[in-house]
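Here is the structure we will look at, set down as structure tokens.
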Amino acid sequence: MIQRTLAIFFLATSLTCAATRPPQQPKSGPGGAEYAHASVRETEHGEKSTQYWLFEPQQPQPKNAPLIIFLHGYSAMSPEPYRAWIEHLVRRGNIVVYPRYQENLVTPPAEYHDNIVQSLRDALEVLAQKGHIAPDLKRLAIVGHSAGGVGAANFTARAVEEKLPQPAAVMVVHPGQGPKDGIQIVPLDDASTIPATTHLLVVVGDSDAFVGETSARRIWARTGKVKDRTFVTVQSDDHGFPTLRANHLAPLAEGHMSTNALDWFGYWRLFDEQCAAAFTGKDYTPSTSMGAWSDGTPVKPLKIER
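Right, dumping it as structure tokens:
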């Protein structure tokens, strides 16, 4: 019995090792593993629904850096679910502010925006203090996932009216006001007020059975005047093992072991490329290649609409 069990184990192990593997993180370029900074300084500020985290590049510490507002999905009230992505952004040379915006799961969604704004205003005061890196507000970007994707669109739509810093780049990732077939509980502002000069990415996953494309299509339909915008669908691919599944939780990146080609060639690279274009005033057309499986078969590419 023991010998049979061991034989089955070794057979399964050998089959797994021989399976077609997904691509690894590229060594350099957008989404890649080449970083300008060796470490990240993390500090925590505020409390309850206006708590936030600051992440600043170190080794070396720059005098100033672009500022990225990173808005989490519903219930992800600490940075842990996105830590690998955040550290990727910071080690590339960006400051990241991560507003909590929910004290708990019953914080009214109508309060999310004001909580984000208060956290950002406070973060700018902290960053102005000695020892911190000065944010370059001409190089400001915002990215949000799920409810945070809706929040990113709302922030950008209200920025001019509220005399907030205006994001040059906005990426809304799997935006969701609620379940795709349920009540839409997170309010969506009039996205038509997003300035035409904004670089906008609306990103969905083809296997997102939770929020689907409902909110994404609403944002897309109302932003026709935005000159540089792209609707991106990240495609799932089961050609090899482990499979690449573009479901609602695909953008989460708790650590290196939880990231995959959908992050490096999809979400991370899209935002890296978008920021580089927006910060230099260039037009942006996303790269669609997602790398190749170990047998040379291309991973299903990004689908784009413009």
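Under the working numbering, the first residue of the sequence shown is numbered 3, with each subsequent residue one higher.
Where a beta carbon is used, it is the ideal one built from N, C-alpha and C, also for glycine.
Keep in mind it's a predicted model, so treat the numbers as computed, not measured.
In this structure, Pro32 is the residue among Pro32, Pro28 and Thr22 with its C-alpha nearest to the C-alpha of Glu275. If you compare the alpha carbons of Ser148, Gln179, Val204 and Gln60 with that of Glu307, the shortest gap goes to Val204.
By the Cβ test, the region 288 to 308 is not in contact with the region 63 to 82, since fewer than three Cβ pairs between them sit closer than 8 Å.
Within the region 46 to 95, the complete alpha helix (DSSP H) segments at least 4 residues long are 85 to 93, listed from N- to C-terminus. Using a C-beta cut-off of 8 Å, the region 281 to 294 makes no contact with the region 114 to 123, since fewer than three inter-stretch Cβ pairs fall below that distance. A direct Cα-to-Cα measurement between Thr200 and Gly153 gives close to 16 Å. The three-state secondary structure of Asp138, taken from DSSP, is strand. Taking a contact as a CB-CB distance under 8 Å, the pair Leu129 and Ile135 counts as one, their CB atoms being some 7 Å apart. Within its own chain, the residues whose Cβ lies closer than 6 Å to the Cβ of Gln120, once the five positions on either side in sequence are excluded, are Thr52, listed in chain order.
Here the C-alpha atom of Val162 lies approximately 13 Å from the C-alpha atom of Ala155. In the structure shown, Thr200 falls within a coil segment according to DSSP collapsed to helix, strand and coil.
Residue pairing by DSSP places Lys302 in no beta bridge whatsoever. Here DSSP, grouped into helix, strand and coil, assigns Ser194 to helix.
Secondary structure at Asp274: helix, using DSSP grouped into helix, strand and coil. For Thr225, no beta strand (DSSP E) segment is defined, and its DSSP state is neither H nor E. Gly184 and Asn106 have their C-alpha atoms roughly 21 Å apart. DSSP places Tyr100 inside the beta strand (DSSP E), whose first and last residues are Ile97 to Pro101. Residue environment analysis places Thr245 among the exposed positions, since fewer than 16 neighbouring C-beta atoms fall within 10 angstroms of its C-beta. The shortest C-alpha to C-alpha distance from Met173 to any of Gln26, Glu256, Thr235 and Tyr103 is the one to Thr235.
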